[in-house]
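Numbering-wise, the sequence shown is residues 44 to 435 according to our numbering. Cβ coordinates follow ideal geometry from the N, Cα and C atoms, glycine included. Predicted model, so just to flag it, every value in this text is computed and none were measured. Shown next, in structure tokens, is the structure this report addresses.
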Amino acid sequence: MGVTTVTDLPGAPVRVPDGPSRSSGPNGPAVTEAPAAADVLRTLFRSDQGGHEQVVLCQDRASGLKAVIAIHSTALGPALGGTRFYPYASEDEAVADALNLARGMSYKNAMAGLDHGGGKAVIIGDPETLKSEELLLAYGRFVDSLGGRYVTACDVGTYVADMDVVARATRWATGRSPENGGAGDSSVLTAYGVFQGMRASAQHLWGEDSLHGRRVGIAGVGKVGHHLVEHLLQDGAEVVITDVRAESVRRILDRHPTVTVAADTDALIRGEGLDVYAPCALGGALSDETVPVLTARVVCGAANNQLAHPGVEKDLADRGILYAPDYVVNAGGVIQVADELRGFDFDRCKAKAAKIYDTTLAIFARAKEDGIPPAAAADRIAEQRMAEARLS
Numbered sequence: 044m045g046v047t048t049v050t051d052l053p054g055a056p057v058r059v060p061d062g063p064s065r066s067s068g069p070n071g072p073a074v075t076e077a078p079a080a081a082d083v084l085r086t087l088f089r090s091d092q093g094g095h096e097q098v099v100l101c102q103d104r105a106s107g108l109k110a111v112i113a114i115h116s117t118a119l120g121p122a123l124g125g126t127r128f129y130p131y132a133s134e135d136e137a138v139a140d141a142l143n144l145a146r147g148m149s150y151k152n153a154m155a156g157l158d159h160g161g162g163k164a165v166i167i168g169d170p171e172t173l174k175s176e177e178l179l180l181a182y183g184r185f186v187d188s189l190g191g192r193y194v195t196a197c198d199v200g201t202y203v204a205d206m207d208v209v210a211r212a213t214r215w216a217t218g219r220s221p222e223n224g225g226a227g228d229s230s231v232l233t234a235y236g237v238f239q240g241m242r243a244s245a246q247h248l249w250g251e252d253s254l255h256g257r258r259v260g261i262a263g264v265g266k267v268g269h270h271l272v273e274h275l276l277q278d279g280a281e282v283v284i285t286d287v288r289a290e291s292v293r294r295i296l297d298r299h300p301t302v303t304v305a306a307d308t309d310a311l312i313r314g315e316g317l318d319v320y321a322p323c324a325l326g327g328a329l330s331d332e333t334v335p336v337l338t339a340r341v342v343c344g345a346a347n348n349q350l351a352h353p354g355v356e357k358d359l360a361d362r363g364i365l366y367a368p369d370y371v372v373n374a375g376g377v378i379q380v381a382d383e384l385r386g387f388d389f390d391r392c393k394a395k396a397a398k399i400y401d402t403t404l405a406i407f408a409r410a411k412e413d414g415i416p417p418a419a420a421a422d423r424i425a426e427q428r429m430a431e432a433r434l435s
């Protein structure tokens, strides 16, 4: 087992599915193709969007493991972030994605009030064909070799059962099953946190912290989205949904026949009378094409990296659309996996996730005070907390 470590690498742009990576801070994914290796290094060392403390390239030929572990910051504590298992087109693309995702986790953890910095790992390959117990154990040994500087959890392509295996090789794995001392599925608190952000948005814009009587459109009713539907219906909202998976839509309708279904996301965001739009599927939902036709007054959803590129946050503000920053409102999941390190307590986690309401209101207040979009205000608050921690 070998480890190659590279230090002080800033983030590099890359486009990948399920949450494009960022080229300009945690609110804007890049729109360029992944550069070649020399260009990656040139961009990383010279970019202002980085400051990564450590990058580890991991390989275990026996199991086929190729992985990248990126630690952006440990100013607030050990870096915490999930492991993405994805068939990247190249190793360069994988490195760039790990770096950008790690940086985003620093901001998310800072805004969630966690004593954790930001990190992320990616495993290169198709999880449907490459994933094995041997590979996950090898990956766990690499995580363990960092001595607690990086704590891993689930992400795209990895699940609770996988973390159970990884945890056999390291104590620095969270998101495990309850049977193995973990917290289990984090989607419950992710949805709860998004709902709190939505309540705060309603309070700021309409003067009441309820969605009662409001029409809320949810794009993506999978792991997180279907829990969000429950919260909204209990609060008296009118809910309209869409999802590319017919089975996900059917699950909602079987349980809640009053929910309305839009043909697709384009029809959803153009719908008349829409008060809130909740992107809960892929990243890049807010783009030059979607923002001009969006009818909702509020955007608040669970998807990562919702802004397709830097500047979209200003386009939303110019149209009078209130944007609740994604990495703030969707932090319920990371709150849950962080608590697992202490010995998971659901009520304690839920109470912390409920504070997303206050955090979101504070962001809106800061945005108004500074005359900037909420996304920029969230970045400033997160950066201030990390800077103060470095000086203490």
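Counting only the same chain and skipping the five closest in sequence on each side, list residues whose C-beta sits under 8 Å from that of residue i.
i, result
"R293", "none"
"A410", "P416, P417, A419, A420"
"A339", "G260, I312, L317, D318, V319, Y320, I364"
"D228", "V203, K266"
"D187", "A212, T213, R214, W215"
"H274", "A234, Y235, F238"
"S230", "K266, V267, H270, G376"
Do residue j and residue i come within 8 Å of each other at the CB atom, strictly closer than that value?
i, j, result
"H115", "M154", "no"
"A450", "N223", "The first residue shown for the chain is 44 and the last is 435, placing residue 450 beyond what the model contains."
"A396", "N373", "no"
"V380", "T117", "no"
"L108", "L178", "yes"
"R258", "V283", "yes"
"Q239", "I399", "yes"
"D207", "S220", "yes"
"G161", "A145", "yes"
"N152", "L119", "yes"
"H299", "V264", "no"
"V328", "A262", "The sequence given here has Ala at residue 328, not Val. Yes, the pair counts as a contact, with Cβ atoms nearer than the cut-off."
"D358", "V334", "yes"
"L404", "H247", "yes"
"S253", "D278", "yes"
"A141", "A181", "no"
"H25", "A289", "The question about residue 25 has no answer, for the chain in this structure spans 44 to 435."
"L123", "H159", "yes"
"A324", "Y150", "no"
"G314", "A306", "no"
What are the boundary residues of the alpha helix (DSSP H) that includes residue i?
i, result
"D413", "399-413"
"Y182", "176-188"
"V209", "203-209"
"G236", "230-249"
"R433", "417-434"
"R293", "289-298"
"R146", "134-154"
"A381", "375-383"
"G268", "268-277"
Would you list the one or two residues that DSSP bridges to residue i?
i, result
"L359", "Per DSSP, none; premise fails for L359."
"V304", "I284"
"G260", "V283, Y320"
"V194", "L123"
"V341", "V319, L365"
"Y129", "I167"
"S116", "G161"
"L325", "DSSP, once it has assigned bridges, lists no residue as partnering L325."
"A216", "T195"
"L350", "L329"
Let's see if you can read the secondary structure: which residues bound the beta strand (DSSP E) around residue i?
i, result
"G160", "160-167"
For residue i, I'd like the list of residues in its chain whose CB is within less than 7 Å of its CB, leaving aside the five on either flank, ordered along the chain.
i, result
"G191", "P121, W215"
"S175", "S106"
"P170", "F128, G200"
"N70", "Annotation note: pLDDT 42 at N70 (below 50); position unreliable, coordinate value reported separately. The residues are L350, E356, P368, A418, D422."
"C343", "V237, G240, M241, S244, V319, A321, A367, V372"
"A360", "P416"
"D413", "A420"
"L173", "G107"
"L232", "G375, G376, I378, Q379, C392, K393, A396"
Which residues in the same chain as residue i place their Cβ atom closer than 6 Å to its Cβ, once the five residues preceding and following it in sequence are excluded?
i, result
"I166", "A110, F128"
"D198", "G125, T126, R127"
"Y13", "No answer is possible for residue 13: the residues shown for the chain start at 44 and end at 435."
"A226", "Q379, E383, F387"
"P78", "Here P78 scores only 49 on pLDDT, less than 50, and its place in the model is too uncertain to base an answer on."
"A21", "Shown here, the chain extends from 44 to 435; a query on residue 21 therefore has no answer."
"S330", "A351"
"R428", "A153"
Any chance the CB of residue i is under 7 Å from a heavy atom of the ligand MG?
i, result
"K266", "The ligand MG is not among the ligands present in this structure, which contains no ligands whatsoever."
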